[in-house]
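Asks:
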Amino acid sequence: MVASQEVHRRFGGVVPELASRSHQAHIIPIIHEALNKAKITKKMLNAIAFTRGPGLLGSLLVGTSFAKGLSESLQIPLLDIHHMQAHILAHFIENSNEINDMPPYPAFPFLCLTVSGGHTQLVKVNSPDSFEILGETLDDAAGEAFDKASKMLGLPYPGGPLIDKLAQEGNPNAFVFPHPQIQNLDFSFSGLKTSILYFLQKNQKANPKFIEDNLHDLCASIQFTIVQVLIQKLEKAAKKTNIREIALAGGVSANSGLRKAVVTAGRKNNWNIYIPKLEYCTDNAAMIAMAGYFKYLKGDFASLDVTASARIEMGLSNSAQ
Ligand code: KG4
Ligand code: ZN
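And the structure:
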């Protein structure tokens with residue numbers, strides 16, 4: 090289940106304190122709604138999976154405390170989940186591959202490009218509990234690049250889906266933005282943000298209505314640049330690791346330009362492509378449950394001492410940090 094957080098739109102981004110208060114307000118009603126929708130009672134639950142991190146501490150604390158209370162009162166195991174691992178494991182939710190002529194689930198080891206509002210990572214996934222980060226962003230995440238660019242264009246938060254929509258009617262080659270010059274498998278998006286800012290300022294001096302007059306082309310060109318950067322790194326990682334099982338995950342994998350580009354790159358490179366259904370790309374509870382299922386099978390339960398963690402590494406168990 091996903092509770093819509095209108096509050097973020099009103100403030101043009103996520104304000105940590107408001108996000109945490111909104112979690113508090115929504116957590117009980119959304120759990121009731123989820124149980125009703127699944128036509129089960131809480132007594133029928135086998136375990137409680139919750140997001141331990143990474144993310145905003147205030148929001149994580151709400152979920153962690155609530156999950157602990159629920160597992161204690163129902164006397165069922167507690168499963169602490171890593172948010173980015175859950176994005177990746179969303180691929181194993183009932184045949185969630187969007188690409189029809191491809192296998193339903195990725196085979197291990199597979200490469201996953203995980204692109205969200207807070208992270209951009211190239212991950213080698215060896216098993217449901219073994220993840221190797223091959224590259225990640227040195228500054229802004231891909232989703233942040235979309236959101237910040239859209240803010241500069243005067244669009245509401247979150248801008249990623251809007252840029253995607255407006256880009257459909259624009260020319261991706263109308264404007265050219267520089268690519269970051271990072272040699273290894275890491276990413277950097279802060280330079281792109283600055284170059285878009287200067288580009289807009291310069292053109293608005295000559296034409297105050299520059300953004301309005303070119304909105305579709307601007308969105309298409311920005312999206313094209315971000316997607317190209319992502320795909321080039323993905324190709325590099327696939328070559329380096331010699332892996333042909335290629336997956337996308339995270340909120341930005343909902344982007345239609347990225348989805349198309351990875352299919353094209355897949356045909357060119359003879360990859361098997363895995364793209365989750367839209368509802369499993371952006372944050373959702375099903376992916377947390379899926380990650381919980383794998384931990385449950387291993388009996389890898391959390392103790393009541395477990396704490397929320399704003400920064401937490403991939404693949405390490407709760408006792409390790
Ligand atoms: O994974 P997610 O739902 O939350 C985090 O874990 O951050 O990702 C949210 C990010 C936001 O930056 C949002 O703008 C971006 O995903 N996003 C998109 C699209 N849908 C969501 N970016 C580009 N195109 C989209 N269609
Ligand atoms: Zn996420």
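In my numbering, the protein residues as written are 90 to 410.
All C-beta atoms in this analysis are idealised placements derived from N, C-alpha and C, irrespective of residue type, glycine included.
As the structure is a prediction and not an experimental result, all values here were calculated from the model.
1) Give the list of continuous beta strand (DSSP E) stretches no shorter than 3 residues that lie fully inside the segment 322-390.
2) Measure the Cβ-Cβ separation of residue 201 and residue 182 and say whether it is below 9 Å.
3) Using the beta carbon as the reference atom, which residues fall closer than 5 Å to any heavy atom of the ligand KG4, ordered along the chain?
4) Could you tell me whether any non-hydrogen atom of the ligand ZN is closer than 8 Å to the CB of residue 176?
5) DSSP beta-bridge partners for residue 138?
6) Are the CB atoms of residue 274 and residue 357 within a distance shorter than 9 Å?
7) Can you tell me whether residue 396 is helix, strand or coil according to DSSP?
8) Cβ of residue 172 within 8 Å of any heavy atom in the ligand ZN?
9) Measure the C-alpha to C-alpha separation of residue 340 and residue 130 and round it to an integer number of angstroms.
10) Count Cβ pairs between the segment 187-198 and the segment 302-310 that sit closer than 8 Å; are there 3 or more?
11) Counting pairs of Cβ atoms below 8 Å between the segment 230-245 and the segment 267-283, do you hit three or more?
12) Just curious, the alpha helix (DSSP H) that residue 209 is in, first and last residue?
13) Taking residue 265 as part of the beta strand (DSSP E), name the residues at either end of that continuous run.
14) Report the three-state DSSP secondary structure of residue 222 (helix, strand or coil).
15) Given a threshold of 16 other Cβ atoms within 10 Å of its Cβ, counted over all protein chains shown, does residue 380 qualify as buried or as exposed?
16) Using only CA atoms, which one of 118, 289, 156, 338 lies nearest to residue 241?
17) If you follow the beta strand (DSSP E) that residue 204 is in, where does it begin and where does it stop?
Replies: By the coordinates alone:
1) 334-338, 361-363
2) no
3) 205, 206, 207, 232, 235, 236, 247, 249, 250, 253, 339, 340, 341, 343, 344, 371, 372
4) yes
5) 168
6) no
7) coil
8) yes
9) 30 Å
10) no
11) yes
12) Note, residue 209: premise wrong, no alpha helix (DSSP H); beta strand (DSSP E) at 209-216.
13) Neither: residue 265 is in no beta strand (DSSP E) and is coded neither H nor E.
14) strand
15) buried
16) 289
17) 199-204
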